[in-house]
Structure formats: C-alpha cells, structure tokens
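Worksheet: one structure, shown below.
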Amino acid sequence: MSKQTRVLIVEDDEAIRFGTQLRLETRDFAVSTAIDGCDGLQQIRADQPDVILMDIRMPNMDGLTALAELKADPTTSEIPVIIASASLGDKTTALDIGAKYFLCKPYSNDALFAVVDSSL
C-alpha cells in the first residue's frame, strides 16, 4: 500500500479552503489546512507536506511572503508550491519567487487536479 500524498491548503477564505479540501479528498489526497501564511509556515515546518496550495492575500502573513520564506529555507525549499489568486498581476512575482505553478481563481476541478498532479 502506498502512502497518501499530503497536500496543505493555505487559504483564509473558509468556503474556498473547505471546498478545495473536499475536492482533493475525492482524489484520495491527505489534506490539511492553514488559515494564513504564519499558520502555514508552522505546519509546513512541523510536518512537511508533499505539495502546498497557497492563496496570496491573507491576514498576518500573505502568501508571497510565506513563499519567499519557504524558498529561502533549505529544509522547505524543494516543496512544490502552487499559488492561487484571482489577480493575474501576481503571477510573474509568484513564479519569480519560486512558485511551481500559478492557479487563477476561480479554478475548475480539472485545473486543480492538473497542477497538483504535475507538482508531484
């Protein structure tokens, strides 16, 4: 039996966070969630997920700041991060910092599954 792929969703919007979690769980991913960049960094350092899906605009610490911290830390720099945002203006910045993919909100199941699968 192979182990489940662990996905961490870092998203402050409860409806998006919960909906995305349910969608990924239908594909048998082991999903955990965080409500902002600070919470996400704590969880990532404690239990390194296989892939991270992160929003940009969040309270306390935004996704781009959290992404930069992850990429600067040798213990987390190789974890693939998918940045999700409704603002296409953030795409270049996110990819330059080190995001593996940029997912434009709102996204379809097909788009979500494609970027998660491609990140592994």
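In this text, residue positions in the sequence shown follow UniProt numbering: the first is 1, and each later residue adds one. Even for Gly, the Cβ is constructed at its ideal location relative to N, Cα and C. Since the model is a prediction, treat every value here as computed from it, not as a measurement.
- For Leu53, the enclosing beta strand (DSSP E) stretches over residues Val51 to Asp55.
- Using a Cβ-Cβ distance cut-off of 8 Å, the stretch 30 to 44 and the stretch 67 to 84 are in contact, since at least three pairs of beta carbons, one from each stretch, lie closer than that value.
- Using a Cβ distance threshold of 8 Å, Pro74 and Arg6 do not count as a contacting pair.
- Annotation for Thr75: no alpha helix (DSSP H) segment contains it, and DSSP assigns it neither H nor E.
- Beta-carbon to beta-carbon, Leu64 and Ala84 are separated by about 12 Å, too far to satisfy the 8 Å threshold.
- Here Glu11 is buried, its C-beta having at least 16 other C-beta atoms within 10 Å.
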